[in-house]
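> This is the structure I have questions about; it appears just below.
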Amino acid sequence: MQVITSIAEAKALCRYLKKDGTLGFVPTMGFLHEGHLSLVDASVRENDSTIVSIFVNPSQFGRGEDLNTYPRDLDRDLALIKEHGAKYVFYPKAQEIYPPDYKTWITVENLSDILCGKSRPTHFRGVTTIVLKLLNIVLPDTMYMGLKDYQQLVILQKMLLDLNMDARIIPCPIIREADGLAMSSRNSYLSEAERSRALCLSQALKLAQELFSRGERQSSALVAAAEAKIELAGGQIDYIECIDPISLKPVDAAKKDTRMLMAVYIGRTRLIDNCALGITNQLK
Ligand code: AMP
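Residue numbering for the sequence shown follows this note's numbering, beginning at 571 and increasing consecutively.
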């Protein structure tokens, strides 16, 4: 396996790999779990070469957020990537990605200041900027991303469309622990007691799906039921909304593909989760 740290080397390697076949790309912030590895598996399966990036992107963390404490374990990540059959890892330094005179930022308007963007106003600007930079370096045919970060996925799809980029995104299912908790690097922050309370997110989504399957179509009623479930478990709600899957706008009358998105604090840890209301086989 080859670990590349410089942008020039990554560019040269990726252009060389593309001469010989398709290139799949999996951008991550590291501290890999089975969710990330499912993306690596899909890319390895579907492409001649796969490159995984590991970069804890400072610009997507707000002031007072967890940039400095974000979990990191490079050696373990590299071993897992190798085990899953990807041969190339891009592990750049923040100083090379954002030199001191860095000035250019990408914003996908209207989609970036709602839902998670309300409480994290600079987050998606950081995400779109780093992903555009990585895409320009790697020039992949296909980028693999998780439905776990649903708003991020929609924003990036819009960016690729608006900027006429060639890469396409393959959205991949949310990988969950056996009890339903969506896998996340941030789950490592949870104490044992918080870990069991964190189950309220997937349980609230499941409850909303059950109510939907029994005929409830009022988003306000579905959200109220989910809120009650989370409050009972002591979770502090940032937002819970039923939204249109493409525009991300709130909907009053829920349909099968309406998504419920939520961000909830369990103690000091902010967790996100989501589901389509009418697709019930994905939650445990
Ligand atoms: P991150 O390292 O958190 O930036 O995530 C990197 C990629 O992994 C993003 O495309 C995420 O959506 C995806 N991802 C994170 N958690 C999961 C999960 N539980 N299931 C599937 N994909 C995930």
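Note that the Cβ used here is the ideal one computed from N, Cα and C, for glycine as well.
These figures come from a predicted structure and were not determined experimentally.
#1: Which residues neighbour the ligand AMP when neighbourhood means a C-beta less than 6 Å away from any of its non-hydrogen atoms? List them by chain order.
#2: Under 8 Å: do the segment 760-779 and the segment 795-809 share three or more Cβ pairs, one atom per stretch?
#3: Among the candidates V701, Y668, L792 and L648, whose CA atom is the shortest distance from the CA of Q722?
#4: Considering only the beta carbon of each residue, do I744 and F694 sit closer than 8 Å?
#5: Mind reading off the beta-carbon distance from T598 to P662? Whole number of angstroms is fine, and I expect it under 8 Å.
#6: Identify whether P597 lies in helix, strand or coil by the three-state DSSP scheme.
#7: Can you tell me whether N757 is buried or exposed? The criterion is at least 16 other CB atoms within 10 Å of its CB, across all chains shown.
#8: Could you tell me whether the Cβ atoms of M729 and L609 are closer together than 8 Å?
#9: Would you decide whether E762 is buried or exposed? Buried here means 16 or more other CB atoms lie within 10 Å of its CB.
#10: For N680, which of helix, strand or coil comes out of DSSP?
#11: Mind checking E811: buried by the 16 CB within 10 Å criterion, or exposed?
#12: Do L853 and G750 have their beta-carbon atoms positioned less than 8 Å apart in this structure?
#13: Less than 8 Å between the beta carbons of R746 and M753, yes or no?
#14: At what residues does the alpha helix (DSSP H) containing N706 begin and finish?
#15: Quick one: measure Cβ to Cβ for N627 and G696, integer angstroms, because I've assumed they're closer than 8 Å.
#16: Give every residue of the same chain whose Cβ lies closer than 8 Å to the Cβ of R765, excluding the five residues on either side of it in the sequence, and list them in chain order.
The answer reads as follows:
#1: T598, M599, G605, H606, S608, L609, M715, G716, K718, D719, C742, I744, I745, A752, M753, S754 and S755
#2: The segment 760-779, when compared against the segment 795-809, does touch it at the 8 Å Cβ threshold.
#3: V701 is the residue among V701, Y668, L792 and L648 whose C-alpha sits nearest the C-alpha of Q722.
#4: no
#5: A Cβ-Cβ distance of about 13 Å is found for the pair T598 and P662, leaving them out of contact under the 8 Å criterion.
#6: strand
#7: Per the 10 Å Cβ criterion, buried.
#8: no
#9: exposed
#10: In the structure shown, N680 sits in coil (DSSP, three-state: anything other than H, G, I, E or B).
#11: buried
#12: yes
#13: yes
#14: Run containing N706: H693 to V708, per the alpha helix (DSSP H) assignment.
#15: With a Cβ gap of about 6 Å, N627 and G696 count as contacting.
#16: L751 and N757
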